[in-house]
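Read the structure below first, then the notes.
Numbering (the working numbering), first residue to last: -15 to 226.
Now the structure itself:
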């Protein structure tokens, strides 16, 4: 049988996509940051708040109910702060030290909790089911399945490493209204806005950087910021649907 290099390469690519084990191309280097700065602020919604339409439940209504709330736009009624916006620096290859962590994605009351997760290459994610019903967690990276696993009630947790920077989309195949996203950063300079739309990132090496502002249903924004030694910089903004 003749050896076909192209076919062998395609098989290798398929395996990498399926198992998601190719490490990020640029390794982050942790160090002691001298005179590091800080970036903080509040992200708010611009314009009228969209109406979150409840999702109709078909399966397991005895536990989930007949509808569940949509969590795409979680807006603070007092200040219009927008929850679950991810603020990140993508250009920092050397900076503050980061001990590997495990971020937990929980199936709870027929929702993914938290709704949006963020971690760093080298961290791990753990999936657990706290509900008395069967869930099926299906994760995709760049459209390719990296995990598709049944999560029975009282079953074992699933733990996997985060090996590539980018966006992981997750769905529950048993309850298709359940969705979430995991942002995997190249470095530890990221933050997810809280219930008031607030965020803070610390120990930033002095320099000028592009800051990425991401929300699951809004256009991605970028802002250039300059961090001077020991400086506390404020970056607040309003995000619109267009």
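By construction, the Cβ of each residue, glycine as well, lies at the ideal position given by its N, Cα and C atoms.
Quantities reported herein were computed from a predicted structural model and do not represent experimental measurements.
Q. From residue -14 to residue 42, what does the alpha carbon distance come to, in whole angstroms?
A. Here residue -14 corresponds to residue number 2 of the chain shown, with the count starting at 1. Here residue 42 corresponds to residue number 58 of the chain shown, with the count starting at 1. Only weak support is given to the placement of residue -14: the predicted model assigns it a pLDDT of 43, under 50, and the value that follows is read from those uncertain coordinates. Distance between the alpha carbons of residue -14 and residue 42 is about 52 Å.
*What are the boundary residues of the beta strand (DSSP E) that residue 186 is part of?*
In the chain shown, the residue the question calls residue 186 occupies position 202. The continuous beta strand (DSSP E) containing residue 186 extends over residues 182 to 188.
- Beta-carbon of residue 172 versus every beta-carbon of chain C: anything under 9 Å? Checking the listed chains, one finds no chain C in this structure; it contains a single protein chain.
Which term fits residue 58, buried or exposed, when burial requires 16 or more other beta carbons within 10 angstroms of its beta carbon? As a position in the chain shown, residue 58 is number 74, starting the count at 1. When all chains shown are included, residue 58 counts as buried.
Cβ-based neighbour list, residue 219, same chain, cut-off 7 Å, excluding 5 preceding and 5 following: Counting from one through the chain shown, the residue named residue 219 turns up at place 235. Within the same chain, residue 219 has close Cβ partners 23, 25, 195, 207 and 209.
- Near residue 88, what residues of its chain come up, given a Cβ to Cβ distance below 7 Å and the 5 sequence neighbours on each side ignored? Residue 88 sits at position 104 when you count from the first residue of the chain shown. Cβ neighbours of residue 88 within its own chain (closer than 7 Å, five residues either side excluded): 110 and 112.
Spatial neighbours of residue 215 within its chain, please: C-beta separation below 6 Å, excluding the five flanking residues on both sides.
Stepping through the chain shown from its first residue, residue 215 is reached at position 231. So the qualifying residues of the chain are 21.
Backbone CA spacing between residue 132 and residue 151 [nearest angstrom]
As a position in the chain shown, residue 132 is number 148, starting the count at 1. As a position in the chain shown, residue 151 is number 167, starting the count at 1. Looking at the two C-alpha atoms, the distance is approximately 16 Å.
What do you reckon, are the CB atoms on residue 115 and residue 149 nearer than 9 Å? Taking the first residue of the chain shown as 1, we reach residue 115 at position 131. Taking the first residue of the chain shown as 1, we reach residue 149 at position 165. No, they are not a contact pair.
Residue from 29, 60, 49 and 81 whose Cα sits closest to the Cα of residue 186: Within the chain shown, residue 186 is the residue found at index 202, counting from 1. Taking only the C-alpha atoms, the option nearest residue 186 is 81.
**Helix, strand or coil at residue 46 [DSSP, three-state]** = Counted from its first residue, the chain shown places residue 46 at position 62. Helix at residue 46.
Quick check on DSSP: helix, strand or coil for residue 140? The count along the chain shown starts at 1 and reaches residue 140 at position 156. Three-state result, residue 140: coil.
- Decide yes or no for the touch test of the segment 29 to 36 against the segment 153 to 171: beta carbon pairs closer than 8 Å, at least 3 of them. no
Exercise. Could you say which of 30, 15 and 165 lies nearest to residue 97 if we only look at CA atoms?
Key: Taking the first residue of the chain shown as 1, we reach residue 97 at position 113. Considering only alpha carbons, the answer is 165.
query = Which residue from 212, 172, 205 and 224 puts its Cα closest to that of residue 19?
reply = In the chain shown, residue 19 corresponds to position 35, counting from 1. Of 212, 172, 205 and 224, the residue nearest in Cα terms is 212.
Does the beta-carbon of residue 48, which I'm using as the reference point, lie nearer than 8 Å to any heavy atom of the ligand FMN?
Ligands in the displayed structure: none, and consequently the ligand FMN is not present.
Next item on the list: Taking all protein chains shown into account, decide if residue 171 is buried (16 or more other Cβ within 10 angstroms of its Cβ) or exposed.
Entry: If you number the chain shown from 1, residue 171 lands on position 187. A residue is called buried when at least 16 other Cβ atoms come within 10 angstroms of its Cβ; residue 171 meets this threshold and is buried.
- request: Could you name the residues of the same chain whose beta carbon sits closer than 7 Å to that of residue 17, not counting the 5 residues immediately before and after it, in chain order?
  value: The residue labelled residue 17 in the question sits at position 33 within the chain shown. Cβ within range, chain order: 79, 80, 187 and 189.
Item to check | Cβ-Cβ separation, residue 139 to residue 60 (assumed contact under 8 Å), whole Å | outcome: For the purposes of this step, residue 60 is taken as the residue at position 76 of the chain shown. For the purposes of this step, residue 139 is taken as the residue at position 155 of the chain shown. About 36 Å separates the two Cβ atoms, so there is no contact after all.
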